[in-house]
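What follows is a set of notes on a single structure, which appears directly below.
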Amino acid sequence: MTARTSSPCRTAITQRNRHVLFSALLLAGVSSIAAHAAPATHRAAPRHVHAPQRPTLEAITVTSARTARFHTMANTVNTLSGRELQALHIVSPKEIAAFIPGVTAVNATSGSTPIFSIRGIGLDDYIGTNMGGIGIYIDGVFAPYPVLYNGQMFDVQTVSVEKGPQGFEYGRSTTGGSMNIESVKPTGHFGGYLDWGYSSYATNTARGAINTPVTDRIFNRFAFSYINGEGWQHDIHTGRRYGAQDILSLRNLTQFVIDDRSSLMLNIHYTRDKGTPVSPQDVNGDAVNGLPDRTISVGSNANYNAVNVGDNRASRKENGGGVGINYTRNFDFGTFTSATGIDLYRRDDYDNYDGESVNVGDYRWNDTTIAQSHDMHLSMNLAKRLNLTVGVYESYDKINGAYTSYRSFILDSPNASLTDHFVQQNLSTGLYVNTVTHIVKGLDFIAAGRLSYDERGFNGGTVDNTGAVTGTAGSHLSYVDQTHDYERLTGRVGLRYTILPGTLVYGTISNGYKAGAYFAAPVTAPQALDYVHPENLIAYEIGAKTSLLHNKLQIEGSLFDYEYHNRQTLFVAEMPRNITSLSLGLIPRARTRGGELSSTLHDLVPNLDLRGSFAYLDAQTISSVSSIGGLPLLGNVASHSALPFAPRFSWSAVARYGIDVTQRYRVTLQASYTWKDNMLVALGDPNGKTSKIGSMGLRMEVGPKTGKWTAAVYVDNMLNQHGDTYSFTGSDNSRVQYIQTPRWVGCDLRYNF
């Protein structure tokens, strides 16, 4: 790894051109080989055979091939269908975590920057400019930043979560795994649905989709989602509501059937969010420091929905969209796939991040993001003994931002604020190969490798806007202008043994890495902006999967042991002027061990479906940490301390039972419960700990057996629990907390046509 102080813009462009050219040349060769490998008889297939073969053509997408292999893959894969997402009222990627074992997701700010973690692996950075240790893909296109998947959880066909280091069969290198969100694809039949719902706090929800065959080779699907509602929080002084929703999302998918073996999917999408941010609570103000309570908090006995935002202009204004192109071609020996996407997003949000009515540490997030990625791979089955996948990945993204912290109260100066003006650029390329060799009947040997190159540049720093710290308005408190690049070879080896059809055991050893990072929040110490070196992980996993009784019973379990080197982690450090602030740093060595178990029972008892999961995590530091970049931590981190975002226990259960009330109509009852143990959210922070979070949900549906329409009533968080989902020490050393969304009651009406 090297560090350079030359302009990151000029250097990144030069490096990007070199690596994009290399990727393009390689892929051109792969494409050319694949194109010439197709038998001439298939290229010249007569037109009249297209109609009866159309179902096959519609199915040749990137993910349908992956979905069919989930149960045979030598790693843990958990899935949720679109029907389950609808019944569980999951409308954002963050909410998936409640029903997937070993996955956590919280909002560290008002809602557009969720922090994801798989088995304790993520990146607990509340800023939103850094990619976590997991990769999130929407319709096959990598989404590097949380804002890029805001509002996109609608008209979804399936969500799959692959655990462990990834990047050997598609996409970017990750340490923790990947989450794949797949939309419902267009078909050759006219149809669609309209869905309207009304729920607590005057929340209206409208969703729909229309599937239209344009020609016998072009199919189109347009889908939309609109959520609008009052907020569930109220200000104790002004009465104004917070947590309001106003999200509009649109998506248009067009599938072009090129011939009997190839198709192209065009994805155009857009999201607009004008909601009012959720506000945290500060219940103690300065009283925790032995000072008298200055009544700037909500008080020690505050209601769960009470906040004290005051005159602060808490607001959200976000919009963005993009275009994706997925191309697939089938050959006698395998399949060639290509996924390309470009997204742009504009954000201007104001958070009452300190939970108080004065400016102790409010934030304005003002940035523009552009992200582009391209993945191509060829999967082949050679001589019925070797399954081979070779591919290349390339991505480039850039953020131009100005993040402002309003601190007039703590700096004792009217309108005092600090702003980090910056430009961050990231380039990533990778060449990967994955092999599965059939040794003897039932026994397979797995070997994979990946060569990755990452380059990250940062140009910017924190400005003292009013001179409250330096005495000179507009002067820099910190500044960084550098580029870091990193090359890494990662791999995986393992064995998979199929005991009988549908039942297998496996064991793997793999390693992954996550690129370096910069902390982009406004801080008073230059060290807090320092480059954080890449994270490395070695993962050991053994597991078993079984599907019995004609797929009515499915069970999946695994045990794993992860060893970290240079784990990227959020710390709470003491800055100059007695200001407490978060920043990124490294734990030299850490370790996570645990196990997971999930199962589904479908119609084993007539009309009854059961789904359950359980996870155990033992995540600890091995190395102790007392400072980052020379800045002392608010509290030292001793060896064998718990790691953040790793609840020791978590579990979920869903039961769904259908009752035929007449020959034509059916009533379906559903009950669900999720529970996660408390967990740390930042190291070195005595207040950085969540509550034990549990939530019970009930749902009742009624409709004809034909499925023409359904009507449903539901309640989420029926017990109205109010746990702390995220908490931290504020800039004045008081405790700040985000509260669990309260009981939510609603109804849904859906009409299918």
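Taking the UniProt record's numbering, the leading residue of the sequence shown gets 1, the next gets one more, and so forth. Using N, Cα and C, we set each Cβ at its ideal position, and we do this for glycine too.
Asked: Residue range of the unbroken alpha helix (DSSP H) whose run includes Ile-96; Found: 93-96
Asked: Length-filtered (4 minimum) alpha helix (DSSP H) runs lying within the region 312-400; Found: none
Asked: Thr-109 beta carbon less than 7 Å from that of Ser-160; Found: no
Asked: Cβ shell of Ile-538 (< 7 Å), same chain only, five flanking positions each side left out; Found: Asn-511, Glu-563
Asked: Member of Val-713, Met-696, Tyr-270, Ser-695 whose CA lies at the smallest distance from the CA of Val-702; Found: Val-713
Asked: Rounded straight-line distance, which links the Cα of Tyr-345 to that of Asn-204; Found: 25 Å
Asked: Straight-line gap, residue 756 to Arg-217 (C-alpha atoms, nearest Å); Found: In this structure the chain extends from 1 to 753, so residue 756 is not present and cannot be described.
Asked: Reduced DSSP category for Val-147 - H, G, I as helix; E, B as strand; rest coil; Found: helix
Asked: Local conformation of Asn-578 per DSSP, three classes; Found: helix
Asked: Buried versus exposed, by CB contacts within 10 Å (16 or more), Gly-191; Found: exposed
Asked: Under the three-state DSSP convention, the category Pro-522 falls into; Found: coil
Asked: Where Leu-549 falls: helix, strand or coil (DSSP); Found: coil
Asked: Backbone secondary structure at Phe-99 - three-state DSSP; Found: helix
Asked: Length of the line joining the Cα atoms of Gln-281 and Asn-359; Found: 14 Å
Asked: Closest residue to Asp-195 among Asp-155, Glu-169, Gly-171 (Cα-Cα distance); Found: Asp-155
Asked: Through-space distance from Leu-123 to Ser-626, alpha-carbon basis; Found: 20 Å
Asked: Neighbourhood of Asp-246 by C-beta distance below 6 Å, restricted to the same chain and skipping five residues each side; Found: Asn-228, Lys-274, Gly-275
Asked: Buried/exposed call for Thr-56, threshold 16 Cβ in 10 Å; Found: With a pLDDT of only 34 at Thr-56, under 50, the local geometry of the prediction cannot be trusted, and no value is derived from it.
Asked: Distance between beta carbons of Phe-645 and Thr-104, contact taken as under 8 Å; Found: 5 Å
Asked: Buried or exposed (CB count within 10 angstroms, at least 16 for buried), Ile-739; Found: buried
Asked: Under 7 Å between C-beta atoms of Asn-326 and Met-376; Found: no
Asked: Terminal residues of the beta strand (DSSP E) in which Glu-84 lies; Found: It is not in any beta strand (DSSP E) - Glu-84 instead sits in the alpha helix (DSSP H) that spans 82-87.
Asked: Buried or exposed (CB count within 10 angstroms, at least 16 for buried), Ala-244; Found: buried
Asked: Sub-7 Å separation of Met-179 and Ser-92 beta-carbons; Found: no
Asked: Reduced DSSP category for Ala-244 - H, G, I as helix; E, B as strand; rest coil; Found: coil
Asked: Local conformation of Ala-105 per DSSP, three classes; Found: strand
Asked: Candidates Arg-316, Thr-335, Thr-212, Ala-416: closest to Asn-381 by CA position; Found: Thr-335
Asked: 7 Å Cβ cutoff met for Val-493 and Ile-509; Found: yes
Asked: Bridge-paired residues (DSSP) for Phe-571; Found: Ser-583, Leu-683
Asked: Residue of Pro-501, Ile-446, Ala-520, Ala-515 minimising C-alpha distance to Val-480; Found: Ala-520
Asked: Closer than 7 Å to chain B by CB, Glu-535; Found: The question asks about chain B, but that chain is absent: this structure has only one protein chain.
Asked: DSSP beta-bridge partners of Lys-441; Found: Its beta-bridge partners do not exist; DSSP assigns none.
Asked: Residue(s) in a DSSP beta bridge with Trp-232; Found: Partner(s): none; Trp-232 has no beta bridge.
Asked: Supposed close pair Leu-634, Thr-580 - CB separation, criterion 8 Å; Found: 6 Å
Asked: Whole beta strand (DSSP E) elements within the region 398-440, 3-residue minimum; Found: 417-440
Asked: Reference Thr-729, options Asp-716, Ala-711, Asp-685, closest by Cα; Found: Asp-685
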